[in-house]
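First residue of the sequence shown? That's 790 in the numbering used here, and the numbers climb one at a time after it.
Here is the structure we will look at.
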Amino acid sequence: MSLSPVAGVGKARRGLHMITWGCQMNVYDSARMTDVLRPLGYTPVDNPADADMVILNTCHIRDRAAEKVFSELGRLRVIKDERRAEGRETVLAVAGCVAQAEGEQILKRAPYVDIVLGPQTYHRLPEMVARAARAGGSVIDTDFPAEQKFDFLPQDAAPQTAGNVSAFLTVQEGCDKFCSFCVVPYTRGAEASRPVVSVLAEARRMVAGGVREITLLGQNVNAYHGEGPDGGVWGLARLAYALAEIPGLDRIRYMTSHPRDMDDALIMAHRDLPALMPFLHLPVQSGSDSILKAMNRGHTADDYRRLVDRLREARPDLALSSDFIVGHPGETDEDFEATMRLIGDVGFALAYSFKYSVRPGTPAAGAPLQVAETVKDQRLQALQALLREQQDDFNGSVVDRVAPVLFTGRGRKPGQMVGRSPWLQAVHVDGSDDLVGTVCPVLITTRLSNSLAGHLIEECALA
Ligand code: SAM
Ligand code: SF4
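This is the structure in structure tokens:
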């Protein structure tokens, strides 16, 4: 491969095309990779054919992840070859959890890939680009380095969030819980939290750039235990209280939480902090105690019910969302019925549900009593029908009510603006661009299939 030199950083303008699959943490990582490449002259472009560098940021959580990556790489190779025929080189990088899990395998099957990097090493991207250019070969970096990538991000601003009203901020990564079905502990590594000072500094930069809502991210965000400015260990609740002090930060959310880490302090933070939105993603996965045990989740269905009761006592308007897996090895009809009962008892505003998918190397992959695909299909259908009904009911329950909406941008139709309710519902109103970045009371009048519509009930001045 012959790349133009990158040592004279910031000189030539280069196109960067980012393809992001998977969770919000990948969205955050893609934004940060864009930030670290900016000083080399890379700016985002929409079309891979215009890109001097394409990064495929991958997800390994469910089925056929690697196959999907190779098929996308095949497509990108064609573009790379076409550009080369025109005398233009393209750096092709594979990032994220598939890169971590497959490593060398990617370079064996797709030798035209220039860089393979794991989720913990994206701060080293500029160095990898330079190494790939110098060596004229491929570079692989899937370490779990001792240094924290967050310490190496550009500190002067949060360029990728500039102009956004709502932004993600990763505060915790990795997982030590080893659920039977999950690859995250293997691809993202051990649980680690960013220091409080670094999180608060990034949040302040985001707010200075116009962000009004921050969603704190982590594979187990409520297991957060960052080093505080006082030298002590701060939990997520304490971090939330500190964030709530930042002038201009109207809304705080966090995801994804584990029921086991939902401590008293965090429940009380929901009672005390108006900025902490009354919407919580709290995956339960199953409502059957024996499946929860087989999953190594460390709680029972009743523990979850009690936790929800306590949360709702602290914050009566709290709505819940969750993740469910159907067809985990050993799941019987009775186990599945127990999940349906739990859903009926709790009532979810939103949910994500999946058929169990074998992840090689995880404990459940080799477990006996794998469930037939047809059974998984039937269970998923029944589960999703119930969850859809609950979601519709929940969305219907806000009709004829006034809700504060944080406006984030234009809607699809001319003259239409869109924002989010406290419960993460998209809300459309007729209005002007001045609304963006403000929280305005909206009378919700209509429930549409995946959003709400309403009208402003008072003039909203620019915040
Ligand atoms: N840490 C979060 C928790 O404990 O709930 C979940 C993080 S995981 C990235 C997101 C979701 O993917 C999980 O909640 C689970 O429902 C789903 N998931 C993970 N592994 C899966 C598998 N092997 N098959 C199907 N769904 C899976
Ligand atoms: Fe995966 Fe379980 Fe860790 Fe969540 S808690 S990331 S499901 S191992």
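Where a beta carbon is used, it is the ideal one built from N, C-alpha and C, also for glycine.
Problem set entry | Bridge-paired residues (DSSP) for E1002 | Here the question's residue 1002 lines up with position 213 in the sequence shown. For E1002, which the question treats as bridged, DSSP gives the partners S955 and R1040.
Exercise. Is the beta carbon of A1054 sitting closer than 7 angstroms to the one on A1033?
Worked result: Within the sequence shown, numbered from 1, the residue matching residue 1054 stands at position 265. Within the sequence shown, numbered from 1, the residue matching residue 1033 stands at position 244. Cβ atoms of A1054 and A1033: not closer than 7 angstroms.
For this session: Find the nearest neighbour of D852 within the set A1171, A979 and R1148, judged by alpha-carbon distance.
Result: Counted from its first residue, the sequence shown places residue 852 at position 63. Nearest C-alpha to D852: R1148.
Exercise. Is any heavy atom in the ligand SAM found nearer than 6 angstroms to the beta carbon of R743?
Worked result: Since the first and last residues shown for the chain are 790 and 1252, residue 743 lies out of range.
Exercise. If you draw a straight line from the alpha carbon of A855 to that of C886, how long is it in whole angstroms?
Worked result: Stepping through the sequence shown from its first residue, residue 855 is reached at position 66. Stepping through the sequence shown from its first residue, residue 886 is reached at position 97. Going from the Cα of A855 to the Cα of C886 covers about 10 angstroms.
Exercise. Which runs of the alpha helix (DSSP H), 4 residues or longer, sit entirely within the segment 1048-1127?
Worked result: The qualifying runs are 1053-1061, 1078-1083 and 1090-1103.
Exercise. If we ignore side chains and look at the alpha-carbon of each, how far apart do D1078 and M1057 end up?
Worked result: Translated into positions along the sequence shown, residue 1078 becomes position 289. Translated into positions along the sequence shown, residue 1057 becomes position 268. Going by the C-alpha atoms only, they are around 27 angstroms apart.
Problem set entry | DSSP three-state assignment for E891, whether helix, strand or coil | Looking up residue 891 in the sequence shown gives position 102. Of the three classes helix, strand and coil, the one that applies to E891 here is helix, per DSSP.
For this session: Compute the distance between the beta-carbons of T976 and A890, then report whether it is under 7 angstroms.
Result: Looking up residue 976 in the sequence shown gives position 187. Looking up residue 890 in the sequence shown gives position 101. One thing to note: T976 has its Cβ within 7 angstroms of the Cβ of A890.
For this session: Measure the alpha-carbon distance for R866 versus I1233 and round it to whole angstroms.
Result: Along the sequence shown, one-based indexing puts residue 866 at 77. Along the sequence shown, one-based indexing puts residue 1233 at 444. Distance between R866 and I1233, taken at the CA atoms: about 48 angstroms.
For this session: Please list, in chain order, all residues of the same chain as G1136 whose beta carbon is under 7 angstroms from its beta carbon, the five residues on each side excluded.
Result: Residue 1136 sits at position 347 when you count from the first residue of the sequence shown. Sequence-distant Cβ neighbours of G1136 in its own chain, meaning closer than 7 angstroms and more than five residues away, are Q1179.
Exercise. Roughly how many angstroms lie between the CA atoms of A1154 and T1163, to the nearest whole one?
Worked result: Mapped onto the sequence shown, residue 1154 falls at position 365. Mapped onto the sequence shown, residue 1163 falls at position 374. For the pair A1154 and T1163, the Cα-to-Cα distance works out to about 18 angstroms.
Problem set entry | Limits of the unbroken alpha helix (DSSP H) element including E856 | Translated into positions along the sequence shown, residue 856 becomes position 67. Unbroken alpha helix (DSSP H) run through E856: A854 to A874.
Problem set entry | Where E990 sits in the DSSP three-state scheme | The count along the sequence shown starts at 1 and reaches residue 990 at position 201. Looking at the sequence itself, residue 990 is Ala, so the reference to Glu does not match. Of the three classes helix, strand and coil, the one that applies to A990 here is helix, per DSSP.
Exercise. Count the other CB atoms within 10 Å of the CB of R994; is the residue buried (16 or more) or exposed (fewer)?
Worked result: In the sequence shown, the residue the question calls residue 994 occupies position 205. That one is buried.
Problem set entry | Validate contact between the segment 1089-1096 and the segment 1118-1126 using beta carbons, cut 8 angstroms, 3 pairs | Touching, no, given that fewer than three Cβ pairs across the two stretches are closer than 8 angstroms.
Exercise. Secondary structure at N815, three-state DSSP: helix, strand or coil?
Worked result: Here residue 815 corresponds to residue number 26 of the sequence shown, with the count starting at 1. It is helical.
Problem set entry | Minimum C-alpha distance to R803 - residue among A838, T910 and R898 | Working through the sequence shown from its first residue, we reach residue 803 at position 14. Of the listed residues, the one whose Cα sits closest to R803 is A838.
Exercise. From Y1145 to R821, what does the alpha carbon distance come to, in whole angstroms?
Worked result: Along the sequence shown, one-based indexing puts residue 1145 at 356. Along the sequence shown, one-based indexing puts residue 821 at 32. Linking Y1145 to R821 through their CA atoms gives a straight-line distance of about 31 angstroms.
Exercise. In its own chain, which residues sit with a C-beta less than 7 angstroms from the C-beta of W810, not counting the 5 before and 5 after it?
Worked result: Taking the first residue of the sequence shown as 1, we reach residue 810 at position 21. Sequence-distant partners of W810 (beyond 5 residues in either direction) whose C-beta falls short of 7 angstroms from its own C-beta, in its chain, are N846, T847 and C848.
Problem set entry | For L1158, the nearest candidate out of Q1170, A1127, K1202 and A1083 (CA to CA) | Indexing the sequence shown from 1 puts residue 1158 at position 369. Comparing alpha-carbon positions, the option among Q1170, A1127, K1202 and A1083 lying closest to L1158 turns out to be A1083.
For this session: Tell me, please, which residues DSSP counts as bridged to L845.
Result: Locating residue 845 in the sequence shown gives position 56, counting from the first residue. Note: L845 sits in a beta bridge opposite I808 and V883.
Problem set entry | Within 7 angstroms, strictly: CB atoms of A921 and I904 | In the sequence shown, residue 921 corresponds to position 132, counting from 1. In the sequence shown, residue 904 corresponds to position 115, counting from 1. Result yes, Cβ atoms of A921 and I904 sit closer than 7 angstroms.
Exercise. Relative to the ligand SAM, is the shortest distance from any of its heavy atoms to the C-beta of T1234 smaller than 6 angstroms?
Worked result: Against the sequence shown, residue 1234 aligns to sequence position 445. No; taking the cut-off as 6 angstroms, the Cβ of T1234 has no heavy atom of the ligand SAM nearer than that.
Exercise. Since G1243 is in the beta strand (DSSP E), which residue starts that stretch and which ends it?
Worked result: In the sequence shown, residue 1243 corresponds to position 454, counting from 1. It spans L1241 to L1245 - the beta strand (DSSP E) in which G1243 sits, taken as one unbroken run.
Exercise. Taking DSSP as the reference, what is the three-state secondary structure of L906?
Worked result: Residue 906 sits at position 117 when you count from the first residue of the sequence shown. Of the three classes helix, strand and coil, the one that applies to L906 here is strand, per DSSP.
Exercise. Is it buried or exposed for F1196, if we count other Cβ within 10 angstroms and need 16 for buried?
Worked result: Here residue 1196 corresponds to residue number 407 of the sequence shown, with the count starting at 1. Burial call: buried.
Exercise. CB-CB under 7 angstroms to Y1141, same chain, minus the five flanking residues each way: which ones, in chain order?
Worked result: Translated into positions along the sequence shown, residue 1141 becomes position 352. Excluding residues within five positions, the ones whose Cβ falls inside 7 angstroms are D1112.
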